[in-house]
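In short: position in the sequence shown from 1, add 11, done, that's this note's numbering.
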Amino acid sequence: MPFTLLHGRQWGVAFLAYVAASNGNKEAVLSPAVAVTLGLIGTFASLLGNEAAIRMGRRRLAHTAIFASVILGGTIGFLGTASYPVAVGLMLI
Numbered sequence: 012m013p014f015t016l017l018h019g020r021q022w023g024v025a026f027l028a029y030v031a032a033s034n035g036n037k038e039a040v041l042s043p044a045v046a047v048t049l050g051l052i053g054t055f056a057s058l059l060g061n062e063a064a065i066r067m068g069r070r071r072l073a074h075t076a077i078f079a080s081v082i083l084g085g086t087i088g089f090l091g092t093a094s095y096p097v098a099v100g101l102m103l104i
């Protein structure tokens, strides 16, 4: 789990830098707070996911999480580059 959270933070910072640069948004602040928030949300989601797996069953929860990940990944890919606030909002979901 720690490597997954680290990877998510690294990817997130690089993606937000790309969005800020591609939109010419010089006011966008690549705040470490966004990366820390993503890490905290990831840790909390991991704990909740374990509890949900106990109640729903691991296989059903895994299928639901994979489907949601595909939908959210596609949404970030298509809409995330529209603006910096949109990208941050989608990444915090």
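Backbone N, C-alpha and C define an ideal beta-carbon position, used for all residues, glycine too. Every value quoted in this text rests on a predicted model; they were computed, and no experiment measured them.
Counting other Cβ atoms within 10 Å of its Cβ, glycine 23 reaches 16 or more and is therefore classed as buried. The Cβ atoms of leucine 83 and isoleucine 104 lie closer than 8 Å to each other. Annotation: the region 37-74 contains the following complete segments of the alpha helix (DSSP H) (minimum length 4 residues), in chain order: 43-67.
Isoleucine 65 and alanine 44 have their C-alpha atoms some 32 Å from each other. A distance below 8 Å between beta-carbons, with the five flanking residues on each side excluded, links serine 33 to the following residues of its chain, in chain order: Thr92.
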